[in-house]
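Presented below is the structure to which this report refers.
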Amino acid sequence: MKYIDLRSDTVTRPSTEMKQAMVDAELGDDVLGDDPTVIELEKFTAKLFNKEAALFVPSGTMGNQICLRAHSEPGWEILCERECHIVNYEVAGPAVHSQLLVNLLNSEHGMIEPDTIRESIRHFNMLHSPMTKMVSLENTHNRHSGAVLPQDKILEVKNICDEHNLIYHLDGARIWNAHIKTGMPLDELVAPFDSVSVCLSKGLGAPVGSLALGTKEFITTCLRERKLFGGGMRQSGMLAAAGLYAIKNNLSKLKDDHDNCMYLSTELNKLSTFEVDTEWVHTNIVIFKIVGGETAQSVFDKLTKMNIGAIPTAQYKVRFVTHLDVSKNDIDEAVERIKKEFN
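The following block contains the structure:
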């Protein structure tokens, strides 16, 4: 029985064509600044997002953390959504690396209300409090079923940041999915932000890599932080070549992932064991609620026995993620197996 891996879009494998691009890549030493394929990737991505410069880094976590550190001073406060990746999946990075205090704010489906942000800002004249200096959002939002944040509210928050002289960062690991879902150009989606981290190794299917984007001056600071974090790589053009191939060839394929995820969500919702709010299944992630006596662990165990990969996210919630390596036929097969076990 074929294993259908719906744990994450990070499980994708390089295609034969991507591997060939890696083999053919022209190489140099990126720490010395002369790997031509890394340079090409950085320039290509910076132009794509209309930012002055980009920096290739090994992971999305490093991309986020070097951005926060490059922007900040110890003791500053950053406003983050409670379920965001920076807080839940980066090992207390803001505190460990940058000595930032994180103020966690509640949201509706990943988007902090602008009024909530405004009310949470603490100023220098508040003698006993840390100074709020940064705001970070995540688009699309992992722990909110891949929800796309509304651009009008992103712009409202931008106005608040400008009014209060706050730095505005975007964890855009899956911004590619937001682009495909909304049809908005990538540069328009990220225009409000001072810095952005984007990932190549999720839905796009590259094996490794993310990029930090911002002004030339900011990226020069990030380069130093990357060295401090141990993220400088030598002949990393092979990895950059995979990233270039992924952007140029796989970006449009994200639409298939979105369609497969919506179909899967709709079918799950027909079963009494599961509840899915399909209105908020925007892209390639569905987090479904377990009802009727089962738990996330019991459902996970049964899915494992039927050779379907999943991730429990809470006591009564399980996550599926569609991706490049799972076809519509695979989704049909997964649905049939699930229907035989659950009602």
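In my numbering, the protein residues as written are 42 to 384. For each residue, glycine too, the CB sits at the ideal point set by N, CA and C.
query                                                                                                   : result
Buried versus exposed, by CB contacts within 10 Å (16 or more), N183                                    : buried
Residue closest to G250, alpha-carbon to alpha-carbon, out of L241, H323 and T256                       : L241
Inter-stretch contact (C-beta, 8 Å, three-pair minimum) for the region 100-115 and the region 262-281   : yes
Continuous beta strand (DSSP E) assignments of at least 3 residues falling wholly in the region 188-223 : 208-213
Euclidean distance between Cα positions of I221 and V376                                                : 25 Å
Of the listed residues D298, S236 and N129, nearest to H185 (C-alpha basis)                             : N129
Between the CA atoms of N348 and P135 - distance to the nearest angstrom                                : 37 Å
Run of the beta strand (DSSP E) containing I119, from where it starts to where it stops                 : E118 to E122
Identity of the residue in K174, T157, I80 and M59 nearest V115 by Cα                                   : One point to set straight first is that residue 115 is Pro, not Val, in the sequence displayed. Out of K174, T157, I80 and M59, K174 has the C-alpha closest to the C-alpha of P115.
Distance CB(I331)-CB(V362) smaller than 8 Å                                                             : no
Element boundaries [beta strand (DSSP E), containing K346]                                              : Unbroken run through K346 is the alpha helix (DSSP H), A337 to K346; no beta strand (DSSP E).
L68, DSSP secondary structure in three states                                                           : coil
Reduced DSSP secondary structure (H/G/I, E/B, other) of C108                                            : helix
Cβ-based burial, V239 [other Cβ within 10 Å; buried from 16]                                            : buried
Inter-residue spacing [alpha-carbon to alpha-carbon] between T157 and E122                              : 11 Å
Endpoints, the beta strand (DSSP E) within which F329 is located                                        : I326 to I331
DSSP three-state assignment for S170, whether helix, strand or coil                                     : coil
Segment limits, alpha helix (DSSP H) that includes I288                                                 : G278 to N291
Span of the alpha helix (DSSP H) around A232                                                            : Premise fails: A232 is in no alpha helix (DSSP H) and is neither H nor E.
Whole-Å CB distance - G272 paired with V237, under 8 Å assumed                                          : G272 to V237, Cβ: 17 Å. No contact.
Any non-hydrogen atom of the ligand PLP closer than 7 Å to K268 Cβ                                      : Judged by which ligands are present, the structure shown has none, so any question about the ligand PLP falls away.
Extent of the continuous beta strand (DSSP E) to which S251 belongs                                     : S251 to G255
Contact between the region 251-265 and the region 84-101 (3+ Cβ pairs under 8 Å)                        : yes
Three-way DSSP call (helix, strand, coil) for D46 in this model                                         : strand
Spatially closest choice to N291 from G244, P226 and I127, by CA coordinates                            : G244
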